[in-house]
Structure formats: C-alpha cells, structure tokens
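Trainee: Dropping the structure in here first, questions after.
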Amino acid sequence: MTIKRIYKLILLLVGLWLVLELASRIAAEIFWFQEVGYLQVLLLKLTTQGLLGTIAITVSSAFLLGNLALARRLQHPAEEIKSPGAAGLFASLGANKTGKNYDELPVAKSQITFYWLLLAVFGLSSIATLTVIHCGLLAANSLTYLGIGGNMPPLPVKLGIESIQPGLVQLFSGWWQLGLLLGTMLAVAIKPDFWLRAIALFLSVAIGIVAVSRWTNVLQYFHPTDFNTTDPIFNQNISFYVFIFPILELLSLGLTVVFLYGLVSGALTYLLSGDSLSKGIFLGFSRSQQRHLYGLGAAFMLATALRYCLGRYALMYSRGDVTYGANYADVTVRLPVYGLLSVLAGAIALLMLYQVWQFKTPNKLIKKIILVWIFLSVLGGWLLPKIVQQVIVRPNEIAREQPYIKRSIAFTQEAFDLKKIEIKTFDPAGKLTYEDLERNQLTVSNIRLWDKRPLLETNRQLQQIRPYYTFPDADIDRYTIKKKTAKKGETESQQVILAARELDYAAVAPEAQTWVNEHLVYTHGYGFTLSPVNTVGVGGLPDYFVKDIGVPAEKGETALDITSDRIRMSLPIGYPRIYYGALTDTNVMTPTQVKEFDYPSGEENVYNNYNGRGGIAIGSLWRRWLFANYLKNWQMVLTRNFTPETKLLYRRNINQRVQAIAPFLRYDSDPYLVVANANLSKNDIEKNNAKNRQKNQPSSSKTNNNDPPNYLYWIIDAYTASDRYPYSDPGQNEFNYIRNSVKVVIDAYHGSVDFYVANPSDPIIKSWIRIFPGLFKPLDKMPPAIRKHIRYPVDLLNVQSERLLTYHMEDPQVFYNREDLWRVPKEIYGSEQQAVAPYYLITKLPTETSEEFILLLPFTPVGRNNLIAWIAGRSDDKNYGKLLLYQFPKQRLVYGPEQIEALINQDPVISEQISLWNRQGSKAIQGNLLVIPIEQSLLYVEPLYLEAERNSLPTLVRVIVAYENRIVMAENLDLALKAVFQEKSTNKPAIIRPVESTVPAVN
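Below, the structure written as structure tokens:
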C-alpha cells in the first residue's frame, strides 16, 4: 500500500469519525429537546445555523478559490533559469548592485525592481496576515459565544485610520504575530498556490463560524418589531438598530474580508509569477491582469462604500468626552464626511468597473483619485473632527453639546427603563412613636436580623448532616404563614430565608467516587432549611421552621423536621428531592437495579428510585451506544445494572438547562428555590386550606399516584438585552438596553422548564415570541402558588441603579457639570467596608395602604455621606415591576449608612464591647445595616454576630437600633425598640447613647 493510499485512508477514517460525532451530537440533542418539550427551538436553530454556515462558506470559498484559479490562469509563465531558489535571489541582488541584468526577457514599462517587489510582497503579506489574525480572533470569539447567541459582542465598524492603527499595533504586539507574518511571507513566496488557497479556505471557514454564531441576529432580522421610538438624526425606528443594523454589519464584514483578500491574493499571485523573486524583477501587469485587479478593486471599494455608509449609523454609539452617542463633531463633521466618502468610494468602484470594460482611463489618473480619496478619509474622518472638537467645541462645550446631552439622557433612561420610575418626596418627620410601630407590626416583625452569610455558615455546621451535602446559597422570600395566636384561617406574610440542601458529588470521599456511585447512587439532594429573618433560636442560632433530615416520618409526611403544626399547615413539603439544581453537574441513570441514596436516617441510609417525568429512555442498546459516545461515558454500554425503564438525566444544572433551551436570553446570577403546590389553581388553594388543617399535608387533585408530587421549583429571572440602542450609555455593561421580560420556572424533581413572559410590551421579547411561538407562555398562565413568589431582581436593580446615579440628572447644565452625582453608600460588614447591596423588605410604602414585598437601595451624594434618596422595586401582584424613587429634601440632613456606622463605632460602650469580644478568641461581625422606612421616618437596624476564630458558627448576640439622635444595643430587636421608644418599660439593660446635634464628617 502506497503512502498516498494510506493518506487517503486516514482522511476517510477521520471524515467518518467526524460524521459520526456530528450525527451522535445532533441525535442526542434532539432527544434532549424532545424531553424538555422544545424540539422546534432546536430544529429552527440547527436549520438557521446550517444555512448560514453553508451559504457563507460556499459563497466565500467559491469566490476566493475561483479568483485564485483565474489569477493562476492569467499569471506570467515560469521561465527556467540557471540559479533557482536562494542562489538566484542572491544573484539578483548582485545584479542590481553592479547594474548587470540576468534576465533575458524584455522589460515592460511597468516593471518593478527587486526592492520594490520585495516591499510589495511584504506589504500584501502583512495585509493577508492581519486579515487572518483578525478573522481568526473573531471566529475564536464566536466559538466561545456560539451557544449564547444574543450575548455576542458587536462586530467592529472602525473606519479610516482608526481601523489601521489597531491592526498595526496588533501585528507588532507579540512574537507570534510577527512569526505568523514572516511565516506567511516565506510560505507564500515558496509555494504561493498552496498557501494562498489554504488562507482562502481558512478565511471562508472563519466567516462561516462568525455567521453561524449570529444565528439569533439573523432570525430577529426577519422578525423585527416596532419600538415606537425613532432616533433624532436619521429618523429611523429603533428596531432598525436592534434588528437590522447587526446583519448589515455582518454583511459588510464578510464582503470586506472576501474582496480585500481576493485583491491581495490576486496581486500576490501575479507578483510572484514568472519566478520574479528569483530573477529580482517583475515585468509588470498584463492588460488581462490589470482588468482582473481593477474588477477586484471595484468590489473592494463597493464594500468600503457600504462600510462608510454604515459608519454613519455607528456614530450613534460613539463615546465622547461629555456624552454617549453622536455629539457635535460627529454630526457636523463625521456624518457628512462619511456620506461623502461613501459616495466617492462608490464612484471609484464604478470608474474601476468602466476600466475593466473599456480600459481607456490612464492608470496614473486612477492612482491619483485613490490617493485623493485616502487623503480625504484621513483628513475628514480623523483630523478635521479633532480640529473642530478643539477649536469650536471646547471653548463653548456646554452650548455646543447641550442637545446631544439631552438625547443621551432621554435615550439612556428609556433603554434602562428609568422613565417608568415614579418620583416622590420623602421628608422624615422624626415623630415615630411606639404606637406607630404597633400599627406597622407586620413591618417590624419582618425586619431582617439574619444575613445570608452567617446563616449559610451556620447551615454548613449544623444542617449539612453529611459531608457531601452543601448549601450553595440562601435566598430571601416571603410566605403566607398561619399566625401563632389567631383565629381560624388567619395568616400573615412572613419574610424567610430558604436554603436548598444540594448534593455535591465532588465532596464524596475519593475512595467512594466510583462510576456506580457517581451515576447510579448519589443522584440528588434532599430538602432545605427555612427560617424567619427576624427571630433567634436557642443560643443565638437561627430559629428554623424547617430543618434537619432523616427524622422519623409517619405515613404521608416528610423526612424533614417541621417545627410546628402551623408551618406544616402553611407549606407543602412532601419528599423534597432535588434532581435539578445549581450543583447537579453529574449525569445520572435511573431507575436501575441499584437503589439510589435518598437521605440519611440516623446511622442508616434510606434508598429510593426516581419516578419522575424527567430523563431520556435508554433501555435499548442503540441508545446506550449513542449517549455513551455523546457523553464519552463508555461504562453505559458495559454495565448490567440498567433495566428497560432506565432513563438518562443529563444537563441537570438549572443554569445550563435554561441556557441550552434559550441561549438568546441573559440570565440572573441568583436562581432561587420556591416551595409551592403548583398543581393548584386559586380555587383549589382555597378548598385545600380546609384539607390542610385536617391532613397536615397538601395534596394535588391533578397528580397521578405513580407520579410523586413535587413542591420545589426554581425561579430564574431572564432578560432581553441589546447593545444597539442609539444614544444609550452602557456604562460598564455589555449592553445598553435591558428588560426583565421572562420568568423561568424549573421543576426541581421532574426537570420541566417553563418560560413566562413578564413584560409583554418589550419589543425584543415580541420578536422572540414571533420566532418561537411555542416557547413562551403569558404570565397569567404561571401557577398562582408560584406567581406569589416572583420578585424584583437584584441584578436588574443593580444595573438600573448604577445608571440612575448619573442619569437622574435631566438638566443638561447640571449633567455637564456633574453637580448632583449620586453613589451607593458603604457599610461595614465584619471589619471591612463594602457597598450596600439591595435588600428585600416587607414594609408599607409612604402613601400606600398595606405592606408589600419590596427591594430597597439607598443613595448618597458623591463627596457626602448623608442620604439623598432611596429606590424601591415592587414585587407584589399588580404592582410588580414598578419602581419608586423617594428623594429627601436637600436642605434636610438625613443620616446615611456611613454616618450611622461611624456613630456606632465611635460609641465608647458599644466599641468597648465589640473590642472585648474580639480579644477573647472570637470575632464580632457587624451585619448588614438596614435603612427601614416606617411611616414618614427612617429606622436603622444592624445585627451583631459573634463567631469563633477556629470553628465558624456565627450566633446573633446583639441588635443595634438607631433612630434620630439615639443609638441602642440590646439582646434582641424588641428590647432595642422599647429602649428607643419606651425607655422606662425595658426590663433588661440596653446601651442608649444620645447623638449630638451635629454629625462629624465621615469619609
């Protein structure tokens, strides 16, 4: 067998392997999307990606390879010489020095001597190398984002000298770039036909990858929706920028790369033909070659005209010194210059095409026209705007930029949904009484004393039970709980902290980490802890409503320890198995002949088999082979533990699960667990209340006896976002438009995923609903028991607040001078300073009639520490998604968190007590300082924890309350409040310190 046949056989085997890999991956994905019920999403995605990749690669490779084939046909024929290769090169160098001619061929008028030839080859090779590097990096970045789609960064649209400078810096910034340049030059010089074709194929594949990664943009291009807003310069609807413009950029990039490399590769083919380097001279371009190059030049100039035309719209995203978006210099100089350069580039392209047809225009004239165009692009696109900025704008900047500042403010507010904020004045009256607190008892009884960090530390010490259990996070929520002392059926809203007990297989003992244990035994977490935010148990530990695991359970009850009947009647618990969670990263097969570990019960373990709706049947042998190859888990084929009912549960991580289904959405960083009976309607809930009091456990009329009910659900907030909203300042974000348009609900036992539209007015989600009509459901279809737990997302409020710090200023003069900048205040947590994070409260907002669940964040002015405003995101019922901004009168001094922290730490008795605790082998931790609005007053509450230095088990030891000119530290919140408002009625001592009327400066 010859080497050639072996080579062909290897290629055939590699090709078959790639086909099998692709087929198994597609088949496995089809089965998985069938399981979750969204097969149409996958099919449309694959169809779109397949068409984009095929069209992009086929068209670009056909053009580039066809162009090279034409160039080879028209190139100068090779001549035999006596000194080939390097010897001929040195001979030609000597000939140029001595004036001797080693070439017997006639010299044309347009001949190029060796030095100019070498310079031309170097320049063209540099352009080819830069194109390869640029497209390679774009393709690599696109592969990274391939599954994310909607989060892809924008394509570069820099023009003129601004596009050349980054390329030159990139070329000479590292050794590998220079090495690639020299390697490209040598490779092209030695074997031009092969390497020019290889580069053409590489660029075609790179273009194809970039096109495939933009599949979401292409789908939105064909399904645009109206934003009902137009830009102030071109009067284009915003949908043009969000849906149409990205595809025009993609088309412009592809055409520029293809036509530029076509021109470069054609020129290199001609310059290197006829052994020109060996002879040291190029005889010149024939008329046919010139026609070919003029045609390529015309195509490249048309692509350049398109880029300059799109560059006019890209000015909407320019970053100026004062504002974001097109400013004075952009509108008065760059905008008309780009239009002129686009028209001139198109005219040059037509002239070149005429030259291809008639060949009557002198070459020198065309060269001069091109040089004039380049000069104008540098002068008008780079130099002139800088002159205008320095000479005309800077001396009178506020007057020149004022209309553009107004635009940036208005469009940024609209894009980040800040225009919907209802602004009110909050003037603290300072007249809060104990009677007011009693009237606001629901607010007071839900003041959060437990922070997430100490609670998680306590959970990890007391509630993990076994080493392989962990609590990755804890979440604040509210539940309707039966009152302790109330009439029959009376309930109240209780703010709680819920933490899921998940199984972390990485924490299993290394000796026990076998294939059977990983995939068949340790399959799920179990249960959760639930504790109120405002009460303390024995020894300063959390006062758990639900805790422990493996407690003796009667028939129909859970294996968790429910501390009271009122909790049992208020919450459906069941058997809370977590097969889908934040840490479920292993693939499991169940049910099998091996029993699954369910939960520990004393010294023994309880075992169970999965009986849910999730998973893909792998009872047949061919499916085992398919998924064994897909997951590269060959034990699936060899094991004898499978049964005909065995199913494969993979992609169980909830973040990966939703990302795989809808990669075009952005997802919140904090999924949270909800306990709810989702099978019940509103009427069912009311009817079930009576049953709950009798049976101690909710039941579902819609649940099959063989299909165990589940009451655990994950909720993930999902966002539609864009980086293409004109005049909207993104700040440090990757986007400049965002809406919380979707709520995703994942069943923790069955693995089902549902997408509910929370903001149907958002144009982007409207587009996705048109593209995937079966993917989204209206919010009113969400089960009422789950809908009660949706909340304003912390991530969204953080983004909106960061923009609001600057863009609450609507007066251009104030904005320009930054006279009223805000900031997020600092607090001391433990012994370190950190920014105050948004926190959830149950409180009655001023002017409102009842308590509600809100997300609150205070603001202070830049350079000062007093409060200036606070923002509240509402979460309940019809008020969901609304924002309220309460501003304090600027003439009033309202203490900010930093000032209260300073007063606490300056108090001699409090600081002495904290110092004493810190010296006794323990550490005092100051918790989150909460600013709580009650009536027309502000109450400040800070918990104080004590933690041993060695074994971290935080306990709540004190509560610090500040109001007006008093600071109190007591054993619990009730004592502290009484010490502030009913000083004489307290039985236990409290530290009370009056505050001086003037507050010291705190930086």
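0 is the number of the first residue of the sequence shown in numbering that gives the first Met the number 0; add one for each residue after it. Quick reminder that beta carbons are idealized off the backbone N, C-alpha and C, glycines included.
Does GLN494 pass the burial test, meaning 16 or more other C-beta atoms within 10 Å, or should it be called exposed?
Mentor: Burial call: buried.
Trainee: Please confirm whether ILE715 and TYR666 have their CB atoms less than 8 Å apart.
Mentor: The answer is yes: Cβ separation under 8 Å.
Trainee: My guess is that THR719 and SER740 are in contact by the Cβ rule of under 8 Å, so how many angstroms apart are they, rounded?
Mentor: With a Cβ gap of about 5 Å, THR719 and SER740 count as contacting.
Trainee: I'd like to know whether the C-beta atoms of GLN886 and ILE422 end up nearer to each other than 8 Å.
Mentor: Yes. Within cutoff.
Trainee: So TYR525 packs on ILE496, CB below 8 Å; how close in whole Å?
Mentor: The Cβ separation is near 19 Å, so there is no contact.
Trainee: To the nearest angstrom, report how far apart ASN964 and PRO907 are at their CA atoms.
Mentor: Each residue's Cα considered, the two are about 16 Å apart.
Trainee: Please name the residue or residues paired with TYR649 in a DSSP beta bridge.
Mentor: Looking at the DSSP assignment, TYR649 forms no beta bridge with any residue, so it has no partner.
Trainee: Please state the DSSP three-state secondary structure of PHE858.
Mentor: It is a strand residue.
Trainee: So what does DSSP say about GLY872, is it helix, strand or coil?
Mentor: Note: GLY872 maps to strand in three-state DSSP.
Trainee: Just checking my contact of LEU647 with PHE626 at CB under 8 Å: how many whole Å lie between their CB atoms?
Mentor: Indeed they touch by this definition, with Cβ atoms about 6 Å apart.
Trainee: Taking all protein chains shown into account, decide if PHE121 is buried (16 or more other Cβ within 10 angstroms of its Cβ) or exposed.
Mentor: Flag for PHE121 reads exposed.
Trainee: Quick one: what's LYS922 bridged to in DSSP?
Mentor: DSSP, once it has assigned bridges, lists GLU946 as partnering LYS922.
Trainee: Is the segment 320-332 in contact with the segment 286-294, if contact means three or more CB pairs nearer than 8 Å?
Mentor: No contact exists between the segment 320-332 and the segment 286-294.
Trainee: Give me the Cα-Cα distance between LEU945 and PHE771, rounded to the nearest whole angstrom.
Mentor: Approximately 53 Å between the Cα atoms of the pair.
Trainee: According to DSSP, which residues form a beta bridge with ASN236?
Mentor: According to DSSP, which records beta bridges pairwise, ASN236 is partnered with THR229.
Trainee: Anyone know if the C-beta pair for PRO896 and LEU937 falls short of 8 Å?
Mentor: No. Outside cutoff.
Trainee: Could you check where the beta strand (DSSP E) with LYS776 kicks off and where it finishes?
Mentor: Unbroken beta strand (DSSP E) run through LYS776: 775-777.
Trainee: So, is GLU501 buried or exposed, given that buried needs 16 or more other C-beta atoms within 10 angstroms?
Mentor: Its Cβ being crowded by 16 or more others within 10 Å, GLU501 is buried.
Trainee: How big is the Cα-Cα spacing for ALA398 and PHE410?
Mentor: Distance between the alpha carbons of ALA398 and PHE410: 20 Å.
Trainee: So, at 6 Å on beta carbons, what are the nonlocal neighbours of VAL998 in its own chain, with the 5 sequence-adjacent residues on each side left out?
Mentor: The predicted model places VAL998 with a pLDDT of 38, which falls under 50 and marks its position as unreliable; any figure quoted below should be read in that light. Excluding positions up to five away in sequence, the list reads GLN898.
Trainee: Determine the burial state of GLN919: buried for a count of at least 16 other Cβ atoms within 10 Å of its Cβ, exposed for fewer.
Mentor: By the 10 Å Cβ count, GLN919 comes out exposed.
Trainee: For GLU602, write down the residues that DSSP places opposite it in a beta bridge.
Mentor: Note: GLU602 sits in no beta bridge, so no partner.
Trainee: Look up ASN607 in the DSSP assignment and give the residues it is bridged to.
Mentor: Per DSSP, GLU595.
Trainee: So, is LYS278 buried or exposed, given that buried needs 16 or more other C-beta atoms within 10 angstroms?
Mentor: That one is buried.
Trainee: Sort out for me which residues DSSP pairs LYS482 with in a bridge.
Mentor: Per DSSP, none; premise fails for LYS482.
Trainee: Report the rounded CA-to-CA distance for ILE764 versus LYS742, giving the unit in angstroms.
Mentor: Their backbone Cα atoms lie some 12 Å apart in a straight line.
Trainee: Residues in its own chain within less than 8 Å of LEU455 by CB, not counting five upstream and five downstream?
Mentor: Once the five neighbours on either side are set aside, the close Cβ partners of LEU455 are PHE470, ASP472, ALA473 and ALA498.
Trainee: Please report the distance separating the alpha-carbon of ALA138 from that of THR215.
Mentor: Between ALA138 and THR215, the C-alpha separation is close to 16 Å.
Trainee: Using the rule of at least 16 other Cβ atoms within 10 Å of the residue's Cβ for burial, across every protein chain shown, is PRO361 buried or exposed?
Mentor: PRO361 is exposed by the Cβ-count criterion.
Trainee: How about SER59 and VAL217: do their beta carbons lie closer than 8 Å?
Mentor: Going by C-beta atoms, SER59 is not nearer than 8 Å to VAL217.
Trainee: Mind pulling the alpha helix (DSSP H) runs of 4 or more residues that sit fully within the segment 293-369?
Mentor: Whole alpha helix (DSSP H) segments, 4+ residues: 334-356.
Trainee: Can you name, in chain order, every residue of its own chain whose Cβ lies under 7 Å from the Cβ of PHE527, other than the five neighbours on each side?
Mentor: Excluding sequence neighbours, PHE527 sits near LEU497, ALA498, ALA499, ARG500, VAL545, PRO575 and LEU672.
Trainee: So within the segment 399-439, which uninterrupted alpha helix (DSSP H) runs reach at least 4 residues, ignoring any that extend past its ends?
Mentor: 433-438, all fully within the segment 399-439.
Trainee: So, are the CB atoms of VAL550 and LEU540 less than 8 Å apart?
Mentor: In this structure, LEU540 does not lie closer than 8 Å to VAL550 by Cβ.
Trainee: Assign TYR6 to one of two classes, buried (16 or more other C-beta atoms within 10 Å of its C-beta) or exposed (fewer than that).
Mentor: Classification for TYR6: exposed.
Trainee: By the 10 Å Cβ neighbour count, where 16 or more other Cβ atoms means buried, how is ALA266 classified, buried or exposed?
Mentor: When all chains shown are included, ALA266 counts as buried.
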